[in-house]
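*Asks:* Counting in our numbering, the sequence shown runs from 1 upward without gaps. Would you mind keeping the following structure in view while I ask a few things?
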Amino acid sequence: MGLNGERISFNMMLPTRYWTLFMTESPKTLVDNPVTRIRPVQQIAASCTGALITSFIVTPLDVVKIRLQAQHQQLPIGNKCYIYCNGLMDHMCNMCSPEWYSKKQQFTGTLDAFMKISRTEGLTSLWSGLGPTLLLALPATVAYFVTYEQLRVKLKDLFSPGLHDQPVWIPLIAGSVARIGAVTLVSPLELVRTKMQSEKMSYFEMKQALRSLIQYHGVTGLWKGLMPTLLRDVPFSGIYWVTYEQLKADYIRRHQYTKQPSLVHNFLFGSLAGGLAAFVTTPFDIVKTLRQIQVAENEIMRSPPTRSQSTRRILNQLLADKGYRALFTGLAPRLIKVAPSCAIMITSYEMGKRYFVSKNTQTLQELLDKETLEQNEQAARRQDNVEQVDPL
């Protein structure tokens, strides 16, 4: 189809106002223009890049943090576990693992831990657990960010077709739905990974265990523990995206819709949004962590399965035993972990988006220049034909 085929592939059959703005506005304001916005394949690439960068940067920080915590815990080795998180997902670890727990090493602080771990165990030990984390983090992150972006732009085009402003409820709905989808998708994979890690199962043994699980609990058994995760992650996602999008929108309005936030601003906005969301959802994070540890210790000790307490009962028990402050136990470490993780992820994602928007803009401009050239050549040929017919 030539140029027409290229046009269709680049979403060029759109209302005239989008084309007018594409021709007249600065490229920095075209991130949300349907003519130049990034396509799903490009969203996948941007989110994968963000997940890799976030995991690579944050994992060493969590390895050091866990090792510092482990040396102060007087726990019997071999029957305890802890939760490790690199900002994208939780990672269950058995305390008896030599990679993670050692009484021989004593650390005086964060920098000392970095130096001693690197010197005695090798630099790569700072990225322990990165492989299995990425195995789930990549599909979860791709599903999450692509679903969010697709829902957001479709809702915006439907209810707020302007290029800049969007109602607050759009990122709230898009973020919540995207998180539900991503968590539901990854939950069975997380169950498989946790069981393989805690029981050191082969793939064949894992297949048999899953078959037995489905036989006794049905297919829904694959989503065991899904509800506590949703109670934490869905509100977190909604709060995070509403805050982040509002901060971006305020910045753009202050600059009279002529400038997008810089990557430094994206980092700051992501950190603030992640910190606020982490603060609000900390009680649910405590509930989820307690349940994860209970399940994992049952697996490690080969204890018979016990019926999980409801979220409400756990919260009430915490309130009765230790008061409201118990609902925010570990808030400072959570903020230190979540805020920079969110900032790194969203900055990496926005960097990918800008690259692809710039690439799309350049390609479209080349197509338009090509069409203009063809039209000029056709006009010149018509003029030549007229002159040949009527030489006077």
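Note that beta-carbon positions come from the ideal geometry of N, C-alpha and C, so glycine has one too.
Can you tell me whether DSSP reads Y251 as helix, strand or coil?
*Replies:* Reduced to three states, the DSSP call for Y251 is helix.
*Asks:* Which class does F107 belong to by DSSP, given the choice of helix, strand or coil?
*Replies:* Looking at F107 - three-state DSSP - the assignment turns out to be coil, as it is neither helix nor strand.
*Asks:* Please state whether DSSP places P171 in a helix, a strand or coil.
*Replies:* Helix.
*Asks:* If we ignore side chains and look at the alpha-carbon of each, how far apart do L276 and L222 end up?
*Replies:* Roughly 32 Å between the two C-alpha positions.
*Asks:* Tell me the rounded alpha-carbon separation between L52 and L373.
*Replies:* Rounded to whole angstroms, L52 to L373 spans 43 Å at the Cα level.
*Asks:* Once the 5 residues before and after S176 are set aside, which same chain residues still bring their CB inside 7 Å of it?
*Replies:* Excluding sequence neighbours, S176 sits near V234, S237 and G238.
*Asks:* Whose CA, out of T36, R334 and I44, lies closest to the CA of F284?
*Replies:* It is R334 whose Cα lies nearest to the Cα of F284.
*Asks:* Should A320 be labelled buried (16 or more other beta-carbon atoms within 10 Å of its own) or exposed?
*Replies:* Answer is exposed; the Cβ neighbour count stays below 16.
*Asks:* With H, G and I counted as helix, E and B as strand and the rest as coil, what does DSSP make of Q383?
*Replies:* Residue state, collapsed to three classes: helix.
*Asks:* If I'm right that I346 touches Y251 with Cβ under 8 Å, what's the distance once you round it to whole angstroms?
*Replies:* That belief does not hold up - the Cβ atoms of I346 and Y251 are roughly 14 Å apart, past 8 Å.
*Asks:* Touch check for the segment 128-145 and the segment 53-60: three-plus C-beta pairs under 8 Å?
*Replies:* Segments in contact, yes.
*Asks:* Measure the beta-carbon distance from V183 to L230 and round it to whole angstroms, keeping in mind my assumption that it falls under 8 Å.
*Replies:* 6 Å between Cβ atoms; contact.
*Asks:* My output table needs one value for T329: the three-state DSSP class, helix, strand or coil.
*Replies:* DSSP places T329 in coil when its eight states are reduced to three.
*Asks:* Roughly how far, in whole angstroms, is the beta-carbon of V338 from the beta-carbon of Q246, given that I think they are within contact range, below 8 Å?
*Replies:* Their Cβ separation, rounded to whole angstroms, is 19 Å, which puts V338 and Q246 out of contact at 8 Å.
*Asks:* Would V287 be called buried (16 or more neighbouring beta carbons within 10 Å of its own) or exposed?
*Replies:* Buried.
*Asks:* Do S128 and V63 count as a contact pair if the criterion is CB distance below 7 Å?
*Replies:* Yes, the pair counts as a contact, with Cβ atoms nearer than the cut-off.
*Asks:* Determine the contact status of A143 and L185, defining contact as a CB-CB distance below 7 Å.
*Replies:* Yes, Cβ-Cβ distance for A143 and L185 is below 7 Å.
*Asks:* Just the Cα atoms here: how many angstroms apart are L21 and T361?
*Replies:* Because the pLDDT of L21 is 49, which lies under 50, any placement of that residue in the model is unreliable, and the number read from its coordinates should be weighed accordingly. Each residue's Cα considered, the two are about 12 Å apart.
*Asks:* In this structure, does DSSP put T120 in helix, strand or coil?
*Replies:* Helix.
*Asks:* Express the C-alpha separation of T281 and G317 in angstroms, rounding to a whole number.
*Replies:* The question names Gly, but residue 317 in the sequence shown is Gln. If I take the Cα positions, the gap works out to 18 Å.
*Asks:* Do G50 and S348 have their C-beta atoms closer together than 7 Å?
*Replies:* Going by C-beta atoms, G50 is nearer than 7 Å to S348.
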